[in-house]
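Notes follow the structure.
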Amino acid sequence: MQTDQHIVDVEHSGKPRRFVFVLMQDFTMLSFASALDSLRIANQTAAKTLYSWQIVGESGTHVVCSNGCEFRLQDDLAELERDDTIVLCGGLNIKDATTKKLLGWLRRESRRGVTIAGLCTAGYTMARAGLLDGKRATIHWENQDSFAEEFEDVDLTKSVFVVDGNRITTAGGTASIDLMLKIIADDHGEDLANAVADIMIYSSIRTDQDTQRLSIPTRIGVRHPKLSRVIQMMEQSIEEPISPATLAKDVGMSTRQLERLFRRYLSRSPKRYYMELRLQKARNLLMQTDMTVINVALACGFASPSHFSKCYRSHYDTTPYRERGSHAGRLSV
Numbered sequence: 005m006q007t008d009q010h011i012v013d014v015e016h017s018g019k020p021r022r023f024v025f026v027l028m029q030d031f032t033m034l035s036f037a038s039a040l041d042s043l044r045i046a047n048q049t050a051a052k053t054l055y056s057w058q059i060v061g062e063s064g065t066h067v068v069c070s071n072g073c074e075f076r077l078q079d080d081l082a083e084l085e086r087d088d089t090i091v092l093c094g095g096l097n098i099k100d101a102t103t104k105k106l107l108g109w110l111r112r113e114s115r116r117g118v119t120i121a122g123l124c125t126a127g128y129t130m131a132r133a134g135l136l137d138g139k140r141a142t143i144h145w146e147n148q149d150s151f152a153e154e155f156e157d158v159d160l161t162k163s164v165f166v167v168d169g170n171r172i173t174t175a176g177g178t179a180s181i182d183l184m185l186k187i188i189a190d191d192h193g194e195d196l197a198n199a200v201a202d203i204m205i206y207s208s209i210r211t212d213q214d215t216q217r218l219s220i221p222t223r224i225g226v227r228h229p230k231l232s233r234v235i236q237m238m239e240q241s242i243e244e245p246i247s248p249a250t251l252a253k254d255v256g257m258s259t260r261q262l263e264r265l266f267r268r269y270l271s272r273s274p275k276r277y278y279m280e281l282r283l284q285k286a287r288n289l290l291m292q293t294d295m296t297v298i299n300v301a302l303a304c305g306f307a308s309p310s311h312f313s314k315c316y317r318s319h320y321d322t323t324p325y326r327e328r329g330s331h332a333g334r335l336s337v
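Residue numbering for the sequence shown is 5 to 337, as defined by my numbering.
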């Protein structure tokens, strides 16, 4: 139960800021719930209706999220007020959920100056509508490779969330909390945002300068600075792989020393590790884009489809063509 000692004094006499949540088929509940409850708790903590919201969708009746729960919608894709904020909630199968009707509605509302945000994979839908051209944006890390290949005019980052004018994108999951805490702080001050975070037991508030994932060296426990640098160079040069000899020279060691470091920390050769990075990106592109197998091969540094297919089959025990067939058109989160 709310008590006076938990209430943050906020000066507010205007009408509530309205968020229109657009639930797309197979949306991710965590992203949606994190955003919505942040607004609810802000109202509760201020003891005022600072924010209001509406839950809409293309059908206007109901929608099913990625965990199978069904949500009743309050309205269809109707015309909004200019000071509304659209929040697109994406998730699985984002390509299928990005329909012509939804794209048309988004373009119309954007021309009227409405602020549009995309949670999780919904950045894809915004990009398809042309709303992110020339803008900074982010999307869930699993979808970064495919997004970068398809939308070259978007300045894609690995940030938790990005606010670029009236275009907002998040990486999904609890990034919705970080975004809403920023919005609350901008609207009504840091004290209220911090109080909301406290009530949510959210002790590590991230900003748009924070990245979604730890670096690969950190995740795999590598603390050797030169080895970490080599791994970063590999990540940044997937399309045009760098030879182990050049990598070693660039960090001031011999090829043999580099081999020993990889064997000690990663139990594989630099060549093998590099190949696994390239094949992982290739698998993402096969599963999440409509790129031809040949173009996927080229994007991942393979000179010929036959060599690509041979390496892919050796690592994943299936061919690129079979992988494409079993995951055609799917974007995951």
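Built from N, CA and C at the ideal position, the CB exists for glycine as well. The structure presented is a predicted model; accordingly, all values stated were derived computationally and were not measured.
- The beta-bridge partner set that DSSP reports for valine 26 consists of Val60 and Leu92.
- Spanning the alpha carbons of threonine 174 and valine 91 requires a straight line of approximately 11 Å.
- At a Cβ-Cβ threshold of 8 Å, leucine 106 and leucine 77 do not count as neighbours.
- By the 16-neighbour rule on beta-carbons within 10 angstroms, glutamine 148 is buried.
- When only Cα atoms are considered, alanine 303 and glutamate 153 end up about 9 Å apart.
- Counting only runs of 4+ residues, the alpha helix (DSSP H) found wholly inside the stretch 141-224 occupies 148-154, 179-192, 194-203 and 220-223, in chain order.
- For a cut-off of 8 Å, the C-beta gap from serine 56 to glycine 95 is around 24 Å, too long to register as a contact.
- With respect to isoleucine 143, glycine 127 sits close: the two C-beta atoms are nearer than 8 Å.
- Excluding the 5 residues flanking it on each side, arginine 272 has same chain C-beta neighbours closer than 7 Å at Phe266, in chain order.
- DSSP, read as helix, strand or coil, puts isoleucine 235 in helix.
- Put simply, the stretch 119-126 touches the stretch 174-183. At least three CB pairs are less than 8 Å apart.
- Phenylalanine 36 and cysteine 93 do touch by the CB rule: their CB atoms are close to 5 Å apart, below 8 Å.
- Serine 150 sits close to glutamine 292, with the two beta carbons spaced by under 8 Å.
- DSSP places glycine 127 in the uninterrupted alpha helix (DSSP H) bounded by 126-132.
- With a contact defined as Cβ atoms closer than 8 Å, glycine 64 and valine 26 miss out at about 11 Å.
- Comparing alpha carbon positions, the residue from Ala101, Arg86, Lys275 and Glu194 closest to aspartate 30 is Ala101.
- When the alpha-carbon of histidine 228 is set against those of Glu85, Leu270, Ile246 and Phe23, the nearest one is in Leu270.
- Between alanine 201 and asparagine 170, the alpha-carbon positions lie close to 24 Å from each other.
- The beta-carbon distance between methionine 238 and aspartate 254, rounded to whole angstroms, is 11 Å. This is too long to meet the 8 Å contact definition.
- When beta bridges are read from the DSSP output, alanine 121 appears opposite Val91 and Ile172.
- In the three-state reduction of the DSSP assignment, aspartate 79 falls in the strand class, which pools E and B.
- For valine 255, there is no enclosing alpha helix (DSSP H), since its DSSP letter is neither H nor E.
- By a beta-carbon distance limit of 8 Å, valine 14 contacts leucine 54. Their separation comes to about 7 Å.
- Rounded to the nearest angstrom, the gap between the Cα atoms of glycine 138 and arginine 132 is 13 Å.
- Residue burial is scored here from C-beta neighbours: valine 68 has fewer than 16 other C-beta atoms within 10 angstroms and is therefore classed as exposed.
- In the DSSP assignment, valine 300 falls within the alpha helix (DSSP H) that extends over 297-303.
- Beyond the five residues adjoining it in sequence on each side, aspartate 157 comes within less than 7 Å, by CB distance, of Asp137 and Gly138 in the same chain, given in chain order.
- Beta-bridge analysis with DSSP links arginine 21 to Tyr55.
- When the alpha-carbon of alanine 249 is set against those of Phe75, Val167 and Glu263, the nearest one is in Glu263.
- With a 10 Å radius around the Cβ and a threshold of 16 neighbouring Cβ atoms, lysine 314 comes out exposed.
- One alpha carbon belongs to phenylalanine 312, the other to phenylalanine 306, and they sit about 6 Å apart.
- No Cβ-Cβ contact shorter than 8 Å links threonine 129 with serine 38.
- By a beta-carbon distance limit of 8 Å, aspartate 212 contacts phenylalanine 165. Their separation comes to about 6 Å.
- Counted as a single uninterrupted DSSP element, the beta strand (DSSP E) harbouring histidine 66 occupies residues 66-68.
- Residue environment analysis places arginine 260 among the exposed positions, since fewer than 16 neighbouring C-beta atoms fall within 10 angstroms of its C-beta.
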